[in-house]
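Trainee:
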Amino acid sequence: MSSELAQSLRAPLALPVIVAPMFLVSGPELVVASCRAGVMGSFPTQNARTFEQLDGWIDEIKTGIADLVDPRWAVSMIVHKTYERFDAELELMTDRQPDVVITALGSPSRVADAVHGYGGAVFADVMSVEHARKAAGAGADGLVLVCQGAGGHTGRLSAFALVDEVRSFFDGPLVVGGAISTGRGVLAAEALGADLAYMGTRYIACPESLVGGRYRELLVRAGIEGVTATAAVTGVLCSWLDESLADAGYDTERLSTPGEIDFSDVHGESKPWKDIFGAGQGVGAITGIETVQAVTEQLVAEYRAAVDAVSARSELLRT
Ligand SMILES: Cc1cc2nc3c(=O)[nH]c(=O)nc-3n(C[C@H](O)[C@H](O)[C@H](O)COP(=O)(O)O)c2cc1C
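Residue numbers (my numbering): 12 to 330.
1) When you measure from the CB of PRO119 to every non-hydrogen atom of ligand 1, does any distance come out below 7 Å?
2) Whole angstroms is fine: what's the gap from PRO218's alpha carbon to VAL303's?
3) Excluding the 5 residues preceding and the 5 following VAL238 in the sequence, name in chain order all residues of the same chain whose CB lies nearer than 7 Å to its CB.
4) Got a sec? Which residues, its chain only, sit under 7 Å from ALA59 by beta carbon, not counting five neighbours each side?
5) Quick check on GLY166: buried or exposed, where buried means 16 or more other Cβ atoms within 10 Å of its Cβ?
6) What residue does the beta strand (DSSP E) around VAL90 start on, and which one ends it?
7) Hey, is ASP253 close to ligand 1, as in C-beta under 7 Å from one of its heavy atoms?
8) Quick one: residues in its chain with C-beta nearer than 6 Å to the C-beta of LEU185, no 5 flanking neighbours on either side, listed in chain order?
9) How is the alpha helix (DSSP H) around PHE34 delimited, first residue to last?
10) Quick one: is the Cβ of THR105 within less than 7 Å of any heavy atom of ligand 1?
11) For the alpha helix (DSSP H) that MET104 lies in, which residues bound it at each end?
12) As an exercise, report each continuous beta strand (DSSP E) stretch of at least 3 residues that is fully enclosed by the segment 159-215, in chain order.
13) From ALA317 to ALA99, what distance separates their C-alpha atoms?
14) Using 8 Å as the threshold, is the C-beta distance between ALA149 and PRO109 below it?
15) Under the three-state reduction of DSSP, which class applies to ASP66: helix, strand or coil?
16) Let me know if ILE72 comes out buried or exposed under the rule of 16 or more other beta-carbons within 10 Å of its beta-carbon.
17) Of the residues GLU102, GLY183 and ARG107, which one's Cα is nearest the Cα of ALA17?
18) How many whole angstroms separate the CB atoms of VAL174 and LEU156, which I take to be in contact at a CB cut-off of 8 Å?
19) Start and end of the beta strand (DSSP E) containing SER53?
20) In chain order, what residues of the same chain have a beta carbon less than 6 Å from the beta carbon of ALA242, not counting five sequence neighbours either side?
21) Cα separation between SER14 and ALA132?
22) Any chance the segment 75-84 sits against the segment 16-33, with 3 or more Cβ pairs inside 8 Å?
23) Does GLY295 come out as helix, strand or coil in the three-state DSSP assignment?
24) Would you check if the distance between the CB atom of SER255 and the CB atom of PHE288 is smaller than 8 Å?
25) Kindly indicate which three-state DSSP category THR245 falls into: helix, strand or coil?
26) Report yes if the C-beta of HIS164 is less than 7 Å from at least one heavy atom of ligand 1; otherwise report no.
27) According to DSSP, is THR114 part of a helix, a strand, or is it coil?
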């Protein structure tokens, strides 16, 4: 049984999906297109190079969704104590009031009072049971479980096991991500016990994202065996498109040597992310460049077909 908060966030959506925040990929156009297509749009605040740009992006989002009935949008915010824009960004969010603030790289407690103060919800991005417990105890209303197969900074744990373990102690909104690229996957996430699916990779190639043509081309070409999760590039386990790793000179030896962790340059210029393209194991679902609306319509159709297929199977069980 999903919580009241989960139901209120999900109710106005055409499909229980958050288009996940992605570094150098998600900007205001993707957020607006996601909301207009009936899913929850989001972006990481650090994608805006300056605070002024961030302010302008939020204006664009608010204007772009002003005519919608009950749209849902979210931001992800770095809450690490070294993040110098933290205070200013939190004040901006208090003013602009996204439905959900997703916290990354630190404790959700840093934003909880401010976000709850305007009636928003705080979700924490976690990859382990330990972090899920900590975040739940630190004021997170919801948890985003980033699991194996996810694009970008990826998880190591299977969604099948992690959702179950977290559900044993957490009954708030649960979002699950990691290689969910079809409507069948969205239904599967719900069957596991999640309230919403977190989908990044499936939406990167859409014309509304910030990425360039080469990235889109590689996404269309790649399948599950065309991505590799490695810590060699940034020091943190990330899932990348193989062709972009090869273009950047990552051979087998370089791929087995962990890189250095460096969060110092997070404002849109980070070198590895510019030249090496992140994608998860669900990349095979991308077969062309389609708008957010078209992708979402396809997901809805797949979801409905999956619901029918599952009910047909359950009929079989009874006979
Ligand atoms: C290119 C790329 C960049 C990402 N950047 C971020 C980010 O800046 N912040 C964040 O919280 N998650 C980031 N993610 C992770 C996504 O929010 C999400 O967890 C992931 O895309 C879900 O898995 P999927 O790609 O298989 O759908 C990124 C993912 C990708 C593919």
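Ideal placement from N, C-alpha and C gives every residue a C-beta, glycine not left out.
Mentor: With the structure as the only source:
1) Taking the sequence shown and counting its residues from 1, the one referred to as residue 119 is at position 108. Shortest gap from the CB of PRO119 to any heavy atom of ligand 1: 7 Å or more.
2) The count along the sequence shown starts at 1 and reaches residue 218 at position 207. The count along the sequence shown starts at 1 and reaches residue 303 at position 292. If I take the Cα positions, the gap works out to 8 Å.
3) Here residue 238 refers to the residue found at position 227 when the sequence shown is read from its first residue. Taken in chain order, the residues that qualify are SER250, TRP251, LEU252, ASP253, ALA290, GLY291, GLN292 and VAL294.
4) Translated into the one-based positions of the sequence shown, residue 59 becomes position 48. Excluding sequence neighbours, ALA59 sits near LEU65 and TRP68.
5) Start at 1 with the first residue of the sequence shown, and residue 166 comes out as number 155. The residue is buried, with at least 16 neighbouring Cβ atoms inside 10 Å.
6) By one-based count along the sequence shown, residue 90 stands at place 79. According to the DSSP assignment, VAL90 belongs to no beta strand (DSSP E), since it is labelled neither H nor E.
7) Mapped onto the sequence shown, residue 253 falls at position 242. For ligand 1, not one heavy atom lies less than 7 Å from the Cβ of ASP253.
8) Numbered from 1 along the sequence shown, position 174 holds the residue referred to as residue 185. Short of 6 Å from the beta carbon of LEU185, and not among the five residues preceding or following it, lie these beta carbons of its own chain, in chain order: LEU154, ALA205 and ASP206.
9) Counting from one through the sequence shown, the residue named residue 34 turns up at place 23. Note, PHE34: premise wrong, no alpha helix (DSSP H); not H, not E.
10) Residue numbering aside, residue 105 sits at position 94 when the sequence shown is read from its first letter. Not so, every heavy atom of ligand 1 lies at least 7 Å from the Cβ.
11) Locating residue 104 in the sequence shown gives position 93, where the first residue counts as 1. Taken as a continuous stretch (DSSP letters only), the alpha helix (DSSP H) holding MET104 covers 97-107.
12) As far as the segment 159-215 is concerned, its whole beta strand (DSSP E) runs of at least 3 residues are 185-188 and 207-210.
13) Walking along the sequence shown from the start, residue 317 turns up at place 306. Walking along the sequence shown from the start, residue 99 turns up at place 88. The alpha-carbon atoms of ALA317 and ALA99 are separated by roughly 44 Å.
14) What you label residue 149 is simply residue 138 of the sequence shown in a count that begins at 1. What you label residue 109 is simply residue 98 of the sequence shown in a count that begins at 1. No; because the gap between Cβ atoms is not below 8 Å, this pair is not in contact.
15) Counted from its first residue, the sequence shown places residue 66 at position 55. DSSP places ASP66 within a helical segment (H, G or I) once states are collapsed to three.
16) Your numbering for residue 72 matches position 61 in the sequence shown. By the neighbour-count rule (16 or more Cβ atoms within 10 Å), ILE72 is buried.
17) Counted from its first residue, the sequence shown places residue 17 at position 6. It is GLY183 whose Cα lies nearest to the Cα of ALA17.
18) Along the sequence shown, one-based indexing puts residue 174 at 163. Along the sequence shown, one-based indexing puts residue 156 at 145. Indeed they touch by this definition, with Cβ atoms about 6 Å apart.
19) Here the question's residue 53 lines up with position 42 in the sequence shown. Looking at the DSSP string, the run of the beta strand (DSSP E) that includes SER53 is 52-55.
20) The residue you call residue 242 lines up with position 231 of the sequence shown. Leaving aside the five residues that flank ALA242 on each side, the residues in its chain whose CB is nearer than 6 Å to its CB run, in chain order, LEU248 and PRO269.
21) To locate residue 14, count along the sequence shown from 1; it is residue 3. To locate residue 132, count along the sequence shown from 1; it is residue 121. Using only the alpha carbons, I get a separation of about 13 Å.
22) Judged by pairs of C-beta atoms under 8 Å, the segment 75-84 touches the segment 16-33, as three or more such pairs exist.
23) For the purposes of this step, residue 295 is identified with residue 284 of the sequence shown, where counting begins at 1. Helix at GLY295.
24) Indexing the sequence shown from 1 puts residue 255 at position 244. Indexing the sequence shown from 1 puts residue 288 at position 277. Yes, the Cβ-Cβ distance between SER255 and PHE288 is below 8 Å.
25) Locating residue 245 in the sequence shown gives position 234, where the first residue counts as 1. In the three-state scheme derived from DSSP, where H, G and I count as helix and E and B as strand, THR245 is classed as coil.
26) To locate residue 164, count along the sequence shown from 1; it is residue 153. Yes, the Cβ of HIS164 comes within 7 Å of a heavy atom of ligand 1.
27) Taking the first residue of the sequence shown as 1, we reach residue 114 at position 103. Under the three-state reduction of DSSP output, THR114 falls in the strand class.
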